[in-house]
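Going line by line, the protein sequences match chains A and B. Residue numbers are given in the working numbering: position 40 of the first sequence equals residue 40, and the series is strictly consecutive. Each position in the second sequence, counted from 1, maps to that position plus 87 in the working numbering. Working notes for the structure below.
2 protein chains.
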Amino acid sequence: MFVILVYDTAVERNPKVLKTCRKYLHWTQRSVFQGELSTAQYRALMTTLNTTIDPEYDSIVTYTARSPDMIESSTLGITLGGPGDIL
Amino acid sequence: MFVILVYDTAVERNPKVLKTCRKYLHWTQRSVFQGELSTAQYRALMTTLNTTIDPEYDSIVTYTARSPDMIESSTLGITLGGPGDIL
């Protein structure tokens, strides 16, 4: 599946959230990651993040599609993610 | 079409970018908006943003799908967008 993940977490938890996201996805922009994951990988990512965040304060939103073909990506201005992150 | 928009723009241009995004989309999280737009509305949004940002410094990424049914959204922790923003 294709995954877009956006996070809004407290500064003190950001390093752990970033480390987990980087393990599974490519960095796109400030608080955004994207990538292709298996269902098992997606579940593992969500489980790890669930134990990392404070659910009363932090927020992580994921958008998933069965295939990257279902989503078109477009950039205005500079592309922040590396070449490996282009769809 | 269904649109997810993430922005990473300089602080001084944020108010203008936010105002434009709010006109067309619902706020989801920190630097993320989403919503359903016609092709004409999407083009108008992109044109306005293109004249607002500094293309050498700012970055706006959009993900579009033909229909919201193609994208599943899931939240860990708190939901920051209002009730009107739930998919």
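Even glycine gets a Cβ: it sits at the ideal position worked out from N, Cα and C.
Residue i versus residue j - alpha carbon distance
i: Asp85 of chain A; j: Lys103 of chain B; result: Unreliable positioning characterises Asp85 of chain A in this predicted model, as indicated by a pLDDT of 44, which lies under 50. The coordinate reading is nonetheless provided below. Answer to the nearest angstrom: the Cα atoms are 28 Å apart.
i: Met167 of chain B; j: Val93 of chain B; result: According to the sequence as given, residue 167 of chain B is Leu; it is not Met. Their Cα atoms are separated by approximately 15 Å.
i: Ala44 of chain A; j: Pro142 of chain B; result: 37 Å
i: Leu37 of chain A; j: His26 of chain A; result: 11 Å
i: Tyr129 of chain B; j: Thr135 of chain B; result: 10 Å
i: Pro68 of chain A; j: Arg100 of chain B; result: 31 Å
i: Gln34 of chain A; j: Leu105 of chain B; result: 23 Å
i: Thr126 of chain B; j: Ile140 of chain B; result: 21 Å
Buried or exposed (CB count within 10 angstroms, at least 16 for buried), residue i
i: Val11 of chain A; result: exposed
i: Ile71 of chain A; result: buried
i: Asp95 of chain B; result: buried
i: Tyr57 of chain A; result: exposed
i: Thr28 of chain A; result: buried
Neighbour list for residue i in chain A, Cβ cutoff strictly below 9 Å
i: Val119 of chain B; result: Val6, Asp8, Ser31, Val32 and Val61
i: Glu99 of chain B; result: Simply none; closest approach about 15 Å.
Chain-ordered neighbours of residue i on chain B, where CB pairs are closer than 8 Å
i: Tyr57 of chain A; result: Gly164 and Ile165
i: Thr28 of chain A; result: Val93 and Val148
Contact set between residue i and chain A, taken where Cβ atoms lie within less than 7 Å
i: Leu136 of chain B; result: Leu76
i: Ala152 of chain B; result: Ala65, Met70 and Ile71
9 Å Cβ cutoff met for residue i and residue j
i: Ser146 of chain B; j: Ser31 of chain A; result: no
Residue i CB to nearest heavy atom of the ligand NAD below 8 Å
i: Leu49 of chain A; result: Absent from the structure shown: the ligand NAD. Ligands present: none.
> Would you say the stretch 72 to 79 of chain A touches the stretch 109 to 118 of chain B, given that touching needs at least three Cβ pairs under 8 Å?
Replying inline: no
> Taking one C-beta from the stretch 62 to 71 of chain A and one from the stretch 1 to 15 of chain A each time, how about it: are there three or more such pairs within less than 8 Å?
Replying inline: yes
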